[in-house]
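**Q** Protein chains in written order, with this note's numbering: chain A, -2 to 335; chain B, 43 to 552; chain C, 441 to 783.
Using N, Cα and C, we set each Cβ at its ideal position, and we do this for glycine too.
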Amino acid sequence: MNSRTKIATAAGGLAALMIALSGCSSASETPASSTSSTSDAPVDTPAEKPYVALISKGFQQQFWQIVQTGAEQAAEEFNVDITFEGPDSEANVDQQIQQLQAALDKSPDAIGFAALDSQAASPLLQQADDQGIPVIAFDSGVDSDIPLTTATTDNKAAAAEAAKQMADAIGNEGEVALVVHDQTSITGTDRRDGFLEYMEANEPNITIVDVQYGGGDQAESADLAKAIIASNPNLKGIFGSNEGSAIGVVQAVKELGLPDGQLVIIGFDSGLAQTDAIRSGLMYGAITQNPIGIGYETVKAAVAALNGETLPLVIDTGYFYYDSTNIDDPEIAAVLYE
Amino acid sequence: MATDSTAQGPPSLLRIRGALKSFPGVRALNDVDLTLGYNEVLGLVGENGAGKSTLMKLLSGIYQPDGGEFFLEERPFEPMSPRHSQELGISIIHQELNLMPDLTVAQNIFIGREPHRFGVQSDKRLNAMTTELLDRLGLALDPTLLISELSVAQQQMAEIAKALSYEARVLIMDEPTAALNDNEVDTLFGIVRRFVSPTTGVIYISHRIQELSRIVDRVTVLRDGENVGERNMAETTDGEIISMMVGRKLTGKERPPAVKNQGKIVLAVKGLSTAKLLRDVTFEARAGEILGFAGLMGAGRTELARAIVGADPKTSGTISVHGSEVTINSPADASRLGIGYLSEDRKKLGVLVERNVRENIALPSLASFVRGLTVNTALMDVAAHRYIDNLRIKTPSTTQDLGNLSGGNQQKVAIAKWLLRDCDVLIFDEPTRGIDVGAKEEIYALLNELVSEGKAIIAISSELPEVLRIAHRIAVMSDGRLTTIIPNSEATQEKLMEYATNATTEAATA
Amino acid sequence: MSNAKKSVAPVADASVGARDTGKLSHRFQGSIQQVLAFASLLLIVVIFSVLSPHFLTANNVTSILTAATVTGLLALGTTFVIITGGIDLSIGTGMVLCGVMAGVFLTYWGWPIWAGVIFTLLVGALIGFTNGFSVSILGIPPFIATLSMMLITTGLALVISGTAPIYFNDTPDFQKIMNLTIIPGTRFSMGVLIFILMMPVAAFILSKTILGRYTFAIGSNEAATALSGVNVRKWKLAIYTLSGVFVGLAGILSASRLSSAQPTGGLGLELQAIAAVVIGGTSLAGGKGSIIGTVIGSLIMAVLTNGLRIVSVPQEWQSVFIGIVILVAVYLDMLRRRRAAAR
């Protein structure tokens, strides 16, 4: 072949290869990134069971697997079919959009969605709206008016619970500090404010001596916590507002060699390191979100929407406080992840 | 061409026969012979562009010759690289020193040859080696000082010590006294004297003709890439040497047309000095006249131009435009006062090669093309066309990228941009460098048109024939000073070269 | 008129030679810089001690050293690169990748700790070598070459770890590398000891070996160094590789501290490390610098961060503060250099 033909062939081959590969990662093909529950997703069936398509922010991560479990529970209870999909990582916006597109193509009766990028998703959501398909947002939701409701954790209330537990643990008086993951995200500010406002309103004898931000980075949070502990020798407790922050605080305590339980540490979410710390007594307890509730409530809300009920703007999916006494209870164990 | 002295004589240390070297468009060396004997200091002189540095680069392995034979101690030798040449016994000390300012003298001298054991090297041994070397050479220099802490003369000493540490047979020195004061020159000569021996020799390149007699035994003169003669220093005069340097026949139209509009003084410079080079330069440029600036490289002409337009700071002196004293702190100031400067390095400093013709022409006057918030390209086009016609710039359109134009046309674009700015004084630095003969004449004609319209032009040029061709009056600079200003009618190449090399005291008797 | 050669007096005079300030001059110069930096450090320490009694306690001091360890090791290694006039933006993410690789070696593949450590160092060296290759052989400007390496290592760390942390539960002794208490009764840990030990090692390499010599030479005048017959390419390659070894070591210690490799941790550490080097008097233009300076710079950064936290300066102001300190330190250094050059 002359060189031009060679190039054309190579280009054609390359193009074919790329099409094949992209086909491999598209949601409708890969079984790994999606699943159906009781029966296969019906295509163009007349109204038997309603079909709800759920697209979440991730799939393999344990948190989302638990969300899926909750969704399946609701599907069983309310007699609907669901599919649950999510991209390989929270950075994979394109993949999520493709999944959303594929879901729409199946003409579901309702959609559940947690957006990685609200902007990117908005044309598709608009399309759903135009077709009269109700959209239920969950977890961090969607920045849009189209979803009828958002099923999510009330971070403020969850943090308030943490504050309450902290207050109980230290005898309702003393000095407490916070290591927050950041002050620009809603989760960061809500959890911080929820904790602070509770203390302000209910615990006059408890002083908040410091609030510092560690970016959720464990090492940074550890160094931070050590500084806080050093400058507040009478410190009784520290609240870590997410997994990285909490584990950082635990690390700090380890490095300083403080006896277990001298400092009351309350964390947020779970993860292996946190659960280990709670079992071993290094951490006093933690607040976990309710991923089962998130999945469950989303499907439930979808059903309600299909029945024409009006929905509140936000559905609080709840939280749990857990410590070494109840960590193995089935209810708690179900919502924890590694 | 062929030397008449040592063809079959005593064995020579270094012999070059028929060296040839060409670069695209120019033959730098044309069948050059050169002989350096033992125990001899050979002076090598010539104008800028005569071929001296090309010849030295062949010897030091930086270039490879296109033809010719080289013999070191009567044995053929072909240096393939600077390091190779060094190893063969040829040490060259360039004008720009090759030193690392943040390292010490000792570290510089022995870079790449440090005494070490498993990669660990000892400063103590290094300093001891350096001290021993410096003592042997008779140089008092502290090996532990950083190069950046030394004066230029001391840095040169360090460079010399480095060159000599390689057990060289032939030492080549390129303009070594350029930055030295009298004391330091004496010390340098002492070093050279110590180096010369029955087994070694020195090639000494310098434009300071009157210095040669103090240190050089014989002198070889290069002109336009050829060896035009050799003399024993004791048997010749500075005047003869200069004559040989410039002794070419002038061809073509030799003198500029008479001045038509010679008028008022447009630019007056008084007592201009700069920190580095210029000393007390005073002159006037008149409307309708081309004032030429001749001199050798390093004489300070470009520095003068840059100081006038504010590109470099000056330590003293005043500048007056149209009779009133002005302050110029930047080229923008100069431009506003009507002084334009075309630098010698056109590609780097004169034009924007990636931009197109009309943008280049409009650049100094860009503000005048702004309508509202944007630059109006239609207006720029009109202006560009005017100059394309007037200057006969060969370009298919105003939006042609400048890089696609020939050198001559690029130069015309550079000129056009200052014309558009409507300058009264134009300083041209090497206006026809890199331009072929035909285009040169066009530029000369252009310059004449400009002055006949009443502008004042200062033309800096290293080509003596060119200066004589276009300038009505000629100023000569040497080592930062203005040595003379003479009318064209009194100027000859020899005279200009004398002034340029500061050999004026002998002029009358040469 | 004759041009008879006049004789020249033999050279013996010492007037051209050492200045009176002579031998002490440049060593003193360098020392001035270091003394100033050290004095600034002392000043900061004194200020914070006054502002809070909790600052200068044994525990807090070791906390500061612990916080300085990982960034400090990065700074030690990158000092070499910066002195050559280059820069390495990939050290932070490279460290993260090395931590992840340690996880691969020890947890996924079940290797013994010593093997995992050695191979992690090799991974770091490989990253450094690749940077060196791009810069010295391919001729890509260091900023771009290491920027792209930064992106590559970030991605690789996420891909290899599956975006999840890798825990070292199978090798519980691994965390001892960083955390083992060396001096009983104190919190002085092995990681800090390793950091402290690497300081004279780095200083020795920089000042006493050929590699160190050429680091300065290349930074001072690369062209002249090459013309002097030094194989600049080979040595630049070696210098970047050396820096990579420090990156590997930092990765090991960082993973060891948390007993887990966090693929998303350690963001922005490269800028902190470079800031430490610059505060310590190493010029980004190359040719000048010292390990002592880098150590002091790292300590200044760590002390400032800790001190500001101890006196509860709000987070936002902490970054502003540190940014200003860097600006001032570099500006003062430039002033000093300008004054020295004008002499």
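Where Arg57 (chain B) and Ile283 (chain B) are concerned, what is the direct C-alpha to C-alpha distance, given to the nearest angstrom?
**A** Locating residue 57 (chain B) in the second sequence gives position 15, where the first residue counts as 1. Locating residue 283 (chain B) in the second sequence gives position 241, where the first residue counts as 1. Whole-angstrom Cα-Cα distance: 22 Å.
**Q** Are any of the Cβ atoms in chain A nearer than 7 Å to that of Ile750 (chain C)?
**A** Against the third sequence, residue 750 (chain C) aligns to sequence position 310. Yes, its Cβ sits closer than 7 Å to a Cβ of chain A.
**Q** For the segment 527 to 550 of chain C, enumerate the residues whose C-beta is nearer than 8 Å to any C-beta of chain A, in chain order.
**A** Flagged: no residues at all.
**Q** From A:Ala270, A:Gln116, A:Tyr334, pick the residue whose C-alpha is nearest to that of Ser700 (chain C); which is it?
**A** Within the third sequence, the letter at position 260 stands for residue 700 (chain C). When each option's Cα is compared against that of Ser700 (chain C), the closest is A:Ala270.
**Q** Along the segment 464 to 487 of chain B, what residues have a CB closer than 8 Å to any CB found in chain C?
**A** Taking 8 Å as the Cβ-Cβ cut-off against chain C, none of the residues of the segment 464 to 487 of chain B qualify.
**Q** Starting from the Cα of Ala498 (chain C), find the closest Cα among C:Ile732, C:Leu546, C:Ser629 and give me that residue.
**A** Translated into the one-based positions of the third sequence, residue 498 (chain C) becomes position 58. Measuring from the Cα of Ala498 (chain C), the nearest candidate turns out to be C:Ser629.
**Q** Please report how far the alpha carbon of Asp184 (chain B) lies from the alpha carbon of Ala205 (chain B), in whole angstroms.
**A** In the second sequence, counting from the first residue as 1, residue 184 (chain B) sits at position 142. In the second sequence, counting from the first residue as 1, residue 205 (chain B) sits at position 163. Rounded to whole angstroms, Asp184 (chain B) to Ala205 (chain B) spans 17 Å at the Cα level.
**Q** Using a Cβ-Cβ distance cut-off of 7 Å, determine whether Thr509 (chain C) contacts chain B.
**A** By 1-based counting over the third sequence, the position of residue 509 (chain C) is 69. Chain B, which has no Cβ nearer than 7 Å to the Cβ of Thr509 (chain C), makes this no.
**Q** Report the start-end ranges of each beta strand (DSSP E) in the segment 371 to 398 of chain B that is 3 residues or longer and not cut off at the edges.
**A** If we require 3 residues or more, the beta strand (DSSP E) runs fully inside the segment 371 to 398 of chain B come out as 381 to 384.
**Q** Leaving out the 5 sequence neighbours to the left and right, which residues in its chain are closer than 8 Å to Phe761 (chain C) when beta-carbon positions are compared?
**A** Here residue 761 (chain C) refers to the residue found at position 321 of the third sequence. Answer for Phe761 (chain C): Leu744, Leu748, Val753, listed in chain order.
**Q** Could you check the C-alpha separation between Tyr210 (chain A) and Leu384 (chain B) for me, to the nearest Å?
**A** Along the first sequence, one-based indexing puts residue 210 (chain A) at 213. Along the second sequence, one-based indexing puts residue 384 (chain B) at 342. Cα to Cα, the separation comes out at about 59 Å.
**Q** Would Ser242 (chain A) and Val176 (chain A) qualify as a contact pair, given that the criterion is a beta-carbon distance under 7 Å?
**A** Taking the first residue of the first sequence as 1, we reach residue 242 (chain A) at position 245. Taking the first residue of the first sequence as 1, we reach residue 176 (chain A) at position 179. Taking 7 Å as the Cβ cut-off, Ser242 (chain A) and Val176 (chain A) qualify as a contacting pair.
**Q** Check whether the Cβ atoms of Ser64 (chain B) and Ser102 (chain B) sit closer than 7 Å, and answer yes or no.
**A** The count along the second sequence starts at 1 and reaches residue 64 (chain B) at position 22. The count along the second sequence starts at 1 and reaches residue 102 (chain B) at position 60. Contact flag unset, no.
**Q** Whole angstroms is fine: what's the gap from Arg242 (chain B)'s alpha carbon to Val308 (chain B)'s?
**A** Against the second sequence, residue 242 (chain B) aligns to sequence position 200. Against the second sequence, residue 308 (chain B) aligns to sequence position 266. Correcting the residue type first, residue 242 (chain B) is Thr in the shown sequence and not Arg. In a straight line, the C-alpha of Thr242 (chain B) is about 56 Å away from that of Val308 (chain B).
**Q** If you draw a straight line from the alpha carbon of Ile527 (chain B) to that of Met539 (chain B), how long is it in whole angstroms?
**A** Here residue 527 (chain B) refers to the residue found at position 485 of the second sequence. Here residue 539 (chain B) refers to the residue found at position 497 of the second sequence. C-alpha separation (whole angstroms): 13 Å.
**Q** In whole angstroms, what is the alpha-carbon distance linking Gly51 (chain B) and Glu116 (chain B)?
**A** Locating residue 51 (chain B) in the second sequence gives position 9, where the first residue counts as 1. Locating residue 116 (chain B) in the second sequence gives position 74, where the first residue counts as 1. When rounded, the distance between both Cα atoms is 12 Å.
**Q** Under the three-state reduction of DSSP, which class applies to Thr149 (chain A): helix, strand or coil?
**A** In the first sequence, residue 149 (chain A) corresponds to position 152, counting from 1. Three-state result, Thr149 (chain A): strand.
**Q** Can you give me the start and stop residues for the alpha helix (DSSP H) that Glu331 (chain B) sits inside?
**A** In the second sequence, the residue the question calls residue 331 (chain B) occupies position 289. Counting along the chain, Glu331 (chain B) falls outside any alpha helix (DSSP H), and DSSP gives it neither H nor E.
**Q** Nearest to Ala661 (chain C) by CA position, among B:Leu524, B:Asn140, B:Ala425, is which residue?
**A** As a working note, residue 661 (chain C) is residue 221 in the third sequence. Strictly speaking, residue 661 (chain C) in this sequence is Asn, with Ala absent from that position. Nearest of B:Leu524, B:Asn140, B:Ala425 to Asn661 (chain C), Cα basis: B:Asn140.
**Q** What residue range is occupied by the uninterrupted beta strand (DSSP E) comprising Asn274 (chain B)?
**A** Counting from one through the second sequence, the residue named residue 274 (chain B) turns up at place 232. 268 to 274 is the span of the beta strand (DSSP E), which, as asked, contains Asn274 (chain B).
**Q** At a Cβ threshold of 7 Å, is Arg125 (chain B) touching chain D?
**A** Among the protein chains in the structure shown, which are A, B and C, there is no chain D.
**Q** Check the DSSP bridge columns for Thr285 (chain A) and list the partner residues they point to.
**A** As a working mapping, residue 285 (chain A) is identified with position 288 in the first sequence. Paired residues: A:Phe317.
**Q** Just the Cα atoms here: how many angstroms apart are Asp102 (chain A) and Thr416 (chain B)?
**A** For the purposes of this step, residue 102 (chain A) is identified with residue 105 of the first sequence, where counting begins at 1. For the purposes of this step, residue 416 (chain B) is identified with residue 374 of the second sequence, where counting begins at 1. Those two C-alpha atoms are separated by around 49 Å.
**Q** Rounded to whole angstroms, what is the Cα-Cα separation between Val451 (chain C) and Asn223 (chain B)?
**A** For the purposes of this step, residue 451 (chain C) is taken as the residue at position 11 of the third sequence. For the purposes of this step, residue 223 (chain B) is taken as the residue at position 181 of the second sequence. Bear in mind that a pLDDT of 37 at Val451 (chain C), under 50, signals an unreliable position, so the model cannot answer this.
**Q** Report the residue from C:Val717, C:Lys648, C:Gln702 whose alpha carbon sits nearest the alpha carbon of Gln149 (chain B).
**A** Along the second sequence, read from residue 1 onward, the residue named residue 149 (chain B) stands at position 107. Looking at the Cα atoms, C:Lys648 is the closest of the given residues.
**Q** According to DSSP, what are the bridge partners of Leu637 (chain C)?
**A** Against the third sequence, residue 637 (chain C) aligns to sequence position 197. Paired residue(s): none; Leu637 (chain C) is not in a bridge.
**Q** What would DSSP say about Tyr607 (chain C), mapped onto helix, strand or coil?
**A** By 1-based counting over the third sequence, the position of residue 607 (chain C) is 167. Correct three-state label for Tyr607 (chain C): strand.
**Q** Chain C partners of Ile225 (chain A), CB-CB under 9 Å?
**A** On the first sequence, position 228 is the one that residue 225 (chain A) refers to. Here the neighbours are Arg749, Ile750, Ser752.
**Q** From the DSSP output, in three-state form, read off Thr502 (chain C) for me.
**A** Within the third sequence, residue 502 (chain C) is the residue found at index 62, counting from 1. DSSP places Thr502 (chain C) in helix when its eight states are reduced to three.
**Q** Kindly indicate the opening and closing residues of the beta strand (DSSP E) around Leu232 (chain A).
**A** The sequence position of residue 232 (chain A) within the first sequence is 235, counting from 1. First-last of the beta strand (DSSP E) with Leu232 (chain A): 232 to 237.
**Q** Quick one: Cα of Gln106 (chain B) to Cα of Val399 (chain B), how far?
**A** Here residue 106 (chain B) refers to the residue found at position 64 when the second sequence is read from its first residue. Here residue 399 (chain B) refers to the residue found at position 357 when the second sequence is read from its first residue. Roughly 39 Å separates the two Cα atoms.
**Q** From the beta carbon of Thr649 (chain C), is the nearest beta carbon of chain B less than 7 Å away?
**A** As a first step, residue 649 (chain C) is located in the third sequence; it is residue number 209 there, counting from the start. Answer yes: the Cβ-Cβ gap between Thr649 (chain C) and chain B drops below 7 Å somewhere.
**Q** Using the DSSP secondary-structure output, state which residues sit across from Glu172 (chain A) in a beta bridge.
**A** In the first sequence, counting from the first residue as 1, residue 172 (chain A) sits at position 175. Answer is A:Thr204, A:Leu232, bridged to Glu172 (chain A).
**Q** Applying the 10 Å Cβ sphere with the 16-neighbour rule, what's the burial state of Arg180 (chain A)?
**A** Locating residue 180 (chain A) in the first sequence gives position 183, counting from the first residue. Note that residue 180 (chain A) is Gln in the sequence shown here, rather than Arg. Classification for Gln180 (chain A): exposed.
**Q** I need the straight-line Cα distance from Ala479 (chain C) to Ile472 (chain C), nearest angstrom please.
**A** Residue mapping note: residue 479 (chain C) aligns to position 39 of the third sequence, counting from 1. Residue mapping note: residue 472 (chain C) aligns to position 32 of the third sequence, counting from 1. Cα to Cα, the separation comes out at about 10 Å.
**Q** Residue ranges of each alpha helix (DSSP H) run of no fewer than 4 residues wholly in the segment 515 to 601 of chain C, ordered along the chain?
**A** Here the runs fully enclosed are 531 to 543, 553 to 572, 582 to 601.
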